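Asks: Once you know that position 37 of the sequence shown is 42 in our numbering, the rest is easy, because the numbers rise by one and skip nothing.
Beta carbons are placed, not taken as given, at the ideal position from N, Cα and C, and that holds for glycine.
The model shown is predicted, which means the values in this text are computed figures rather than measured ones.
Submitted below is the structure of interest, expressed as structure tokens.
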Amino acid sequence: MDFKKVILPGILIGGGIAIFVYMNRAKQFAKNLAIQLKGIALDFNKTKQSLFLTTWTNINIAVNNPTKFQTKITSLNLVISYNGREVGKINKIGDLIVNPESSNNLTIPVGIDTLSLFSNVASAIQAISSKLPINLNISGVINSTAGNYSINQIVKVV
Numbered sequence: 006m007d008f009k010k011v012i013l014p015g016i017l018i019g020g021g022i023a024i025f026v027y028m029n030r031a032k033q034f035a036k037n038l039a040i041q042l043k044g045i046a047l048d049f050n051k052t053k054q055s056l057f058l059t060t061w062t063n064i065n066i067a068v069n070n071p072t073k074f075q076t077k078i079t080s081l082n083l084v085i086s087y088n089g090r091e092v093g094k095i096n097k098i099g100d101l102i103v104n105p106e107s108s109n110n111l112t113i114p115v116g117i118d119t120l121s122l123f124s125n126v127a128s129a130i131q132a133i134s135s136k137l138p139i140n141l142n143i144s145g146v147i148n149s150t151a152g153n154y155s156i157n158q159i160v161k162v163v
């Protein structure tokens with residue numbers, strides 16, 4: 006039996022099959038990873054501590070990884086708008102590991118200059134204290150090792 010005629014083609018075919026299986030699993034992985042904006046909540050105590058000069062919120066993002074592969078959230082690049090005006094940005098870079106077959110909830114604190122939301126501090130205190138709804142638009146991209154996920158959603162601060 007000649008090595009070059011029998012064994013080498015077998016190794017090449019086996020390697021090709023292994024690469025094909027790996028690529029299919031990677032494609033399935035990218036399709037199954039889910040990143041979703043769950044909401045935004047007012048941090049009243051932190052806002053009060055800042056003397057209402059900064060409106061502190063917590064943005065909640067759910068990450069679901071049902072696959073058998075680990076991934077990383079590598080960056081968050083989000084813009085927060087109010088009445089069509091940009092009032093804040095989130096630019097976080099760093100690896101957040103998302104384990105295989107897991108769900109994670111991220112809470113990202115964001116400070117927004119109160120005067121960019123309201124005409125004066127008195128109206129801000131009144132609106133925030135009375136718990137009137139504040140609608141913010143959050144848009145941008147969340148980058149991961151499985152791909153990029155666009156977000157463009159109006160959320161109510163509660």
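Should Gly152 go down as buried or exposed, given a rule of 16 or more other Cβ atoms within 10 Å for buried?
Replies: That one is exposed.
Asks: Under 7 Å Cβ to Cβ from Lys51, same chain only, skipping five residues before and after it: list those, please.
Replies: Taken in chain order, the residues that qualify are Trp61.
Asks: Quick one: using the 10 Å Cβ neighbour count with 16 as the cut-off for buried, is Leu137 buried or exposed?
Replies: Its Cβ having fewer than 16 others within 10 Å, Leu137 is exposed.
Asks: Considering only the alpha carbon of each residue, which of Asn70, Thr72, Gly93 and Thr59 lies closest to Leu141?
Replies: Looking at the Cα atoms, Gly93 is the closest of the given residues.
Asks: Tell me which residue opens and which closes the alpha helix (DSSP H) that Asn50 is part of.
Replies: Residues Phe49 to Gln54.
Asks: What residue range is occupied by the uninterrupted beta strand (DSSP E) comprising Ser144?
Replies: From DSSP, the beta strand (DSSP E) with Ser144 extends over Ile139 to Ser149.
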